[in-house]
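Written out below as structure tokens is the structure these notes cover.
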Amino acid sequence: VLIAINPARQFSQANNTKRGSDVNALLNAVQQYAADNRGALPTGITTTAQNISSTGANVCTTLVTRYLAALPVDPSINNGAAVTDCIAAYDSGYTVVRSATDNRITVAAPAAELQQVISVTR
């Protein structure tokens, strides 16, 4: 029996698994914030999809440390090192958007590999 192992594919799958976990963690943190604030969302989350970054949907100071120990970062950015210093410039590599019709929030990982779509809406 010959078993072919494709390490590049395995790394891509591992990165996508991290992205899926990060997207869920971010969405959970946003929803916990909203629950604690009578439905209000963190400032910066709009009906236009934006990067979760210091220049986009800047939610780091709102969510870290109360709802997240550190802000997750896509594995393709800075080796996926989470953001703990919300004062410095940062880019998580993830996007967030609020639906204009029903206020549902979508967090996505646009850099997903292997033609996967990683996005969670609640």
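All residue numbers for the sequence shown refer to the working numbering, where the first residue is 224 and numbers rise by one. The beta carbon of each residue, even a glycine, is placed where N, CA and C say it ideally should be. In this text the structure is predicted, and so the values were computed from the model without any measurement.
- Pairing ILE275 with LEU249, the inter-Cα distance amounts to about 10 Å.
- Distance between ASN238 and ALA312, taken at the CA atoms: about 23 Å.
- In the three-state reduction of the DSSP assignment, THR240 falls in the helix class, which pools H, G and I.
- Taking a contact as a CB-CB distance under 8 Å, the pair ILE341 and ARG242 counts as one, their CB atoms being some 5 Å apart.
- Cα atoms of ARG327 and ALA231: separation of roughly 35 Å, rounded to the nearest angstrom.
- Around the beta carbon of ASP297, 16 or more other beta carbons lie within 10 angstroms, which makes this residue buried.
- About 6 Å separates the beta carbon of ALA293 from that of VAL306, a gap short enough to meet the 8 Å contact definition.
- Counting the other CB atoms within 10 Å of its CB gives ALA263 a total below 16, which places it among the exposed residues.
- For THR284, there is no enclosing beta strand (DSSP E); the residue is part of the alpha helix (DSSP H) that begins and ends at 283 to 286.
- Annotated three-state conformation of GLN233 is helix, per DSSP.
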